[in-house]
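S.K.: Anchor point for the sequence shown: position 788 equals 788 in the UniProt record's numbering, and the numbering is continuous, going up by one each time.
Backbone N, C-alpha and C fix where the C-beta goes; we use that ideal spot for every residue, glycine too.
Quick one: the structure is below, and I'll ask about it shortly.
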Amino acid sequence: MTEIHAWAKRDEFGTTLALIDHGEDVAAVLYAVLTQTAYRSRIERLAGRALSDQDIERLCSLAFLHDLGKANSGFWRRQFPKMPRIGHTEVVGALFHHSVPLRNQAVVRELSDLIAAWGAAEHLTAVMAHHGRPLTSFSTPGAMSGSSTREARRDAGWWRPIDGYDPLAELARLVSAARLRFPLAFLEGPPLPDAARFVALLAGLTTLADWLGSDTAHFPLVTPPGLSRSQFAARQAALGVTVRGLRPLSRAAPDSFAAAFGFPPYEAQEKAAAASLGAIAALEAETGSGKTEAALWRALALIARGEVDALYFAVPTRTAATQLHGRINRHLARILGADAPRAVLAVPGYLRAGDEDGQRLAPFTVLWPDEDDNDARWAAEAPKRYLAARIAVGTIDQALMAGLQVKHAHLRAAALSRALLVVDEVHASDTFQTEILKTVIGNHVAAGGRAMLLSATLGSAARTALLGQEAPSLALALETPYPALSGSDAAPRTVTTGGRRKEIVVGTVPLIAHSREIAVRALAAARAGASVLIVRNTVADAVAVQQALEAEGAGNLLFRVGDVATLHHGRFAAEDRRLLDTEIEAVFGEVDDDQAPGERRGRERRPIVAVGTTTLEMSLDLDADLLITDLAPMDVLLQRFGRLHRHRRDRPAGFEMPRAIVLVPEVRDLSPLLERARHGLGPSKEGRGIYPRLAVIEATWRLMEEHARIVVPCDCRRLVELTTHPEALDAVAARKGGAWLDHATCQEGGRVADMALAAHHRLDMTAPFTDLSFPEDETVRTRLGADDRLIRPEVPFVGPFGAVVTQLRIPGWMLTKAGPIPDDATAAVRDEVGAEGVRFTLGAVEFRYDRLGLRAG
Numbered sequence: 001m002t003e004i005h006a007w008a009k010r011d012e013f014g015t016t017l018a019l020i021d022h023g024e025d026v027a028a029v030l031y032a033v034l035t036q037t038a039y040r041s042r043i044e045r046l047a048g049r050a051l052s053d054q055d056i057e058r059l060c061s062l063a064f065l066h067d068l069g070k071a072n073s074g075f076w077r078r079q080f081p082k083m084p085r086i087g088h089t090e091v092v093g094a095l096f097h098h099s100v101p102l103r104n105q106a107v108v109r110e111l112s113d114l115i116a117a118w119g120a121a122e123h124l125t126a127v128m129a130h131h132g133r134p135l136t137s138f139s140t141p142g143a144m145s146g147s148s149t150r151e152a153r154r155d156a157g158w159w160r161p162i163d164g165y166d167p168l169a170e171l172a173r174l175v176s177a178a179r180l181r182f183p184l185a186f187l188e189g190p191p192l193p194d195a196a197r198f199v200a201l202l203a204g205l206t207t208l209a210d211w212l213g214s215d216t217a218h219f220p221l222v223t224p225p226g227l228s229r230s231q232f233a234a235r236q237a238a239l240g241v242t243v244r245g246l247r248p249l250s251r252a253a254p255d256s257f258a259a260a261f262g263f264p265p266y267e268a269q270e271k272a273a274a275a276s277l278g279a280i281a282a283l284e285a286e287t288g289s290g291k292t293e294a295a296l297w298r299a300l301a302l303i304a305r306g307e308v309d310a311l312y313f314a315v316p317t318r319t320a321a322t323q324l325h326g327r328i329n330r331h332l333a334r335i336l337g338a339d340a341p342r343a344v345l346a347v348p349g350y351l352r353a354g355d356e357d358g359q360r361l362a363p364f365t366v367l368w369p370d371e372d373d374n375d376a377r378w379a380a381e382a383p384k385r386y387l388a389a390r391i392a393v394g395t396i397d398q399a400l401m402a403g404l405q406v407k408h409a410h411l412r413a414a415a416l417s418r419a420l421l422v423v424d425e426v427h428a429s430d431t432f433q434t435e436i437l438k439t440v441i442g443n444h445v446a447a448g449g450r451a452m453l454l455s456a457t458l459g460s461a462a463r464t465a466l467l468g469q470e471a472p473s474l475a476l477a478l479e480t481p482y483p484a485l486s487g488s489d490a491a492p493r494t495v496t497t498g499g500r501r502k503e504i505v506v507g508t509v510p511l512i513a514h515s516r517e518i519a520v521r522a523l524a525a526a527r528a529g530a531s532v533l534i535v536r537n538t539v540a541d542a543v544a545v546q547q548a549l550e551a552e553g554a555g556n557l558l559f560r561v562g563d564v565a566t567l568h569h570g571r572f573a574a575e576d577r578r579l580l581d582t583e584i585e586a587v588f589g590e591v592d593d594d595q596a597p598g599e600r601r602g603r604e605r606r607p608i609v610a611v612g613t614t615t616l617e618m619s620l621d622l623d624a625d626l627l628i629t630d631l632a633p634m635d636v637l638l639q640r641f642g643r644l645h646r647h648r649r650d651r652p653a654g655f656e657m658p659r660a661i662v663l664v665p666e667v668r669d670l671s672p673l674l675e676r677a678r679h680g681l682g683p684s685k686e687g688r689g690i691y692p693r694l695a696v697i698e699a700t701w702r703l704m705e706e707h708a709r710i711v712v713p714c715d716c717r718r719l720v721e722l723t724t725h726p727e728a729l730d731a732v733a734a735r736k737g738g739a740w741l742d743h744a745t746c747q748e749g750g751r752v753a754d755m756a757l758a759a760h761h762r763l764d765m766t767a768p769f770t771d772l773s774f775p776e777d778e779t780v781r782t783r784l785g786a787d788d789r790l791i792r793p794e795v796p797f798v799g800p801f802g803a804v805v806t807q808l809r810i811p812g813w814m815l816t817k818a819g820p821i822p823d824d825a826t827a828a829v830r831d832e833v834g835a836e837g838v839r840f841t842l843g844a845v846e847f848r849y850d851r852l853g854l855r856a857g
């Protein structure tokens, strides 16, 4: 049926929702969000004052008008077959453009006068950006001056009457409906708060309200009989913020840490809840020391004090997120019982809420195991909603996108603002990522959010940068205690942790380029009864060692999934990575004798050799007798050393003490790597690479030569500071001289360039909203060089371990020869070769995927 009035939504049966009714829905949701959730305190903090009833009604009136662009005649005509798809956001700018006569129309003058009286030019601009990016038609120069004259005149054409439909009359009806719904907003009164951060948060909350108000599960197109749409919307909005998990969590906290977790706390865990730490807390402690429980205890304390209302646990990798997700769910169930919120796994490609997995049937349809419509499932169904979850565990990238100029950044930042943001495994990451993380934490804390940093290997320069403090000298850094608890309002203090004192026998051997000799050493240890982990810096080197082991007749000593010999790295499909993670924890993890055999995470120990890359460094519960590792930065090596003797158990003869063999180049000179990176060490042509800063590698190698044994945690602070502090690295370059000074200069230039790039791409919430202009190509990455592509095969195929593979992540450098790859590109599987995998092409490049992972050629 033809709709003569402005409409907002339409289903496949021709049923429409009037534009006024959709305005009622979204305004009602924003009203509920601003009056019934923790977001009220966040927006008032940024406003710099309490919001009056009139302020609330004016903000909700703007939300009522958020889709006013749908009144345009082009959008109205979309109900008819074969009509062009005219939008409804940028077209609004034409109403206020100085060169278009529309601004003299009565309803436009009325709206302009209202916006001026409310001081709401920036606020309207933010509300109109509810699709996730600032609109160019509202950008500066001049608030609401908009697009070019040509574009404004083109868009103005859509506000002329057509076929008996009058868009300006419909706009007048919409404004009148808003006036009727929120009469207090239209009375005289002081202007709205105009702080830029306040406006930025409004942008994100309006998008959230639009999403909830567009959810047909709660806001069907047809209003039930006997209710006005206003009454119905208010009722559904109150229900919606409850069902979608936006109402405050219960503040009832366990009586003690022991009551919550079932064991007494270490000092670090108990003190982590202290209010005196400030808005940002930092816990530096060795691997396996109970940092996760400390963070969760802090979250419970902050919730009890009303400081936060949610938790986002950010970790470096997808593997780490999946591992931690299960652990957090188990803790929640123990602490809060059957009514505990279910943690969302915030990793694209997964659909997991609590311990349940959903199945995507269509772009916006997910099948869950039962009909329970809980808040965790809603948040889990779309990556853009992850940060709106009560509890979520995901990658750091999801949080970093709240600090970049990418679509829906304001929504992400707004949703996150009520949470404790825990950033796990923080270390000296790349400059670009660190700068964006500083932006995220700065915006988050400014809104009243809280953050906590966890690390085993955080240098003082990185810690103080993230805490917003001045970096100490090297001498003072070396005096900083470890393990330590500190915060934005508290200097580092010594704390006891659950970590064990561990003395590690360390030796360097010049075999980094000799795969066969590495394999021989590993097999000798395994044949003596040891479980051996080999960690290489690159996938190519890991594959070479795996092939050497097989050539040496390793047989049943090899790591396997089922009966397939394989290795562990990041170039496996997600379906296969889950199998790899499960199996490597089963053979290297802890055996709990109190559990039934079928429930054990680990199996009875047997001699074994497993090869992998950086995917083995963290998060996985691995316990090896011997570690063989490539030379790497000291903070990375300490993470790898954490895989040694992780649990208390009997060790084979000769391996009673933890032992690490560090593989180094044959010649004691890293200078050749200044020109050409090898084995992940040194800069690439672009100045980047896996571990490009050779001063760090040189300092690490020197310390390895000086220390035949390393004691954890006693030596950790000294080892990390002497290999990460700028003074220490400058001393290395000065001592080496020549090309090393040039390399240091180049690396510093690259660092400055990365800082400048981060400044260019970061989301500046202190800027007027009309100054914002996001890039159109969406190529901004959370980590430089992270230009991987998720590619789906034309037809899913069975992978080497029996799982059906639905998508593959291909590193960007592998695609450089493939030419431009469309966003919807699929892989053409050319040849299935059974247990040996498949071959497929993408562009001009051929790939192979088998038990050794993804490879080119």
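From the DSSP output, in three-state form, read off residue 455 for me.
M.R.: strand
S.K.: Who are the near neighbours of residue 270 in its chain, counting only those whose CB is closer than 8 Å to its CB and skipping five residues on each side?
M.R.: 257 and 297
S.K.: Excluding the 5 residues flanking residue 391 on each side, which residues of the same chain have their C-beta closer than 6 Å to its C-beta?
M.R.: 311, 341 and 343
S.K.: Tell me, please, whether the region 222-241 touches the region 431-440 by the rule of three or more beta-carbon pairs shorter than 8 Å.
M.R.: Taking 8 Å as the limit for Cβ pairs, the verdict is that the region 431-440 does not touch the region 222-241.
S.K.: My output table needs one value for residue 508: the three-state DSSP class, helix, strand or coil.
M.R.: DSSP places residue 508 in strand when its eight states are reduced to three.
S.K.: Taking the alpha helix (DSSP H) that residue 445 belongs to, which residues open and close that run?
M.R.: 431-446
S.K.: Please report how far the alpha carbon of residue 879 lies from the alpha carbon of residue 124, in whole angstroms.
M.R.: Beyond the ends of the chain as shown, which are 1 and 857, falls residue 879; an answer cannot be given.
S.K.: Grouping DSSP H, G and I as helix and E and B as strand, with all else coil, what is residue 675?
M.R.: Residue 675: coil per DSSP, three-state reduction.
S.K.: Within 10 Å of its beta-carbon, does residue 82 have 16 or more other beta-carbons around it, so buried, or fewer, so exposed?
M.R.: Result: exposed.
S.K.: Residue 613: buried (16+ other C-beta within 10 angstroms of its C-beta) or exposed?
M.R.: buried
S.K.: Using the three-state DSSP reduction, which class does residue 839 fall into: helix, strand or coil?
M.R.: strand
S.K.: Do residue 454 and residue 479 have their C-beta atoms closer together than 8 Å?
M.R.: no
S.K.: Can you tell me whether residue 596 is buried or exposed, with buried defined as 16 or more other CB within 10 angstroms of its CB?
M.R.: Low confidence applies to residue 596: its pLDDT is 38, below 50, so where it sits in the model is not reliable enough to give any reading.
S.K.: For residue 844, does the count of other Cβ atoms within 10 angstroms reach 16, so buried, or fall short, so exposed?
M.R.: exposed
S.K.: Pick from 364, 503 and 334: whose alpha carbon is nearest that of residue 262?
M.R.: 334
S.K.: Looking only at its own chain, which residues have a Cβ that is under 6 Å from the Cβ of residue 611, when we skip the five neighbours before and after it?
M.R.: Correct list, in chain order: 534, 542, 545, 546 and 567.
S.K.: Sorted by chain position, which residues of the same chain lie with C-beta nearer than 6 Å to residue 248's C-beta, five sequence neighbours on each side aside?
M.R.: So the qualifying residues of the chain are 38 and 309.
S.K.: Can you tell me which of the three DSSP states residue 572 falls into?
M.R.: coil
S.K.: Hey, how far is the Cα of residue 789 from the Cα of residue 809?
M.R.: 6 Å
S.K.: Just to confirm the assignment, what range does the beta strand (DSSP E) spanning residue 791 have?
M.R.: 789-793
S.K.: If you draw a straight line from the alpha carbon of residue 222 to that of residue 245, how long is it in whole angstroms?
M.R.: 25 Å
S.K.: How about residue 431 and residue 755: are their beta carbons less than 8 Å apart?
M.R.: It is a contact, given that the beta carbons lie within the stated cut-off.
S.K.: Kindly identify the DSSP beta-bridge partner or partners of residue 395.
M.R.: 315
S.K.: Got a sec? Which residues, its chain only, sit under 7 Å from residue 131 by beta carbon, not counting five neighbours each side?
M.R.: 89
S.K.: Measuring only the C-alpha atoms, how far is residue 211 from residue 219?
M.R.: Their Cα atoms are separated by approximately 11 Å.
S.K.: So for residue 891, helix, strand or coil by DSSP?
M.R.: It is not possible to answer for residue 891, since the shown part of the chain is limited to 1 through 857.
S.K.: Is residue 593 buried or exposed, if buried means 16 or more other CB atoms sit within 10 Å of its CB?
M.R.: Because the pLDDT at residue 593 is just 45, under 50, the model does not fix this residue reliably, and the value given afterwards should be weighed accordingly. Result: exposed.
S.K.: Using only alpha-carbon positions, find the residue among 350, 251 and 404 that is nearest to residue 861.
M.R.: Not covered by the structure: residue 861. The range shown for the chain is 1 to 857.
S.K.: Judging by CA-CA distance, which residue of 621, 157, 279 and 329 is the nearest neighbour of residue 100?
M.R.: 157
S.K.: Are there 16 or more other CB atoms within 10 angstroms of the CB of residue 774, so buried, or fewer, so exposed?
M.R.: buried
S.K.: So the candidates are 63, 87, 491 and 301; which of them puts its Cα closest to the Cα of residue 207?
M.R.: 63
S.K.: Determine, using beta-carbon pairs with one atom in the region 656-663 and one in the region 502-521, whether at least three such pairs fall under 8 Å.
M.R.: yes
S.K.: Tell me which residue opens and which closes the beta strand (DSSP E) that residue 617 is part of.
M.R.: That residue, residue 617, is in no beta strand (DSSP E); it is neither H nor E in DSSP.
S.K.: For residue 347 and residue 394, which I take to be in contact (beta-carbon distance under 8 Å), what is that distance rounded to the nearest angstrom?
M.R.: 6 Å
S.K.: Pair every Cβ in the region 645-662 with every Cβ in the region 620-637, then say whether three or more of these pairs are closer than 8 Å.
M.R.: yes
S.K.: Count the other CB atoms within 10 Å of the CB of residue 396; is the residue buried (16 or more) or exposed (fewer)?
M.R.: buried
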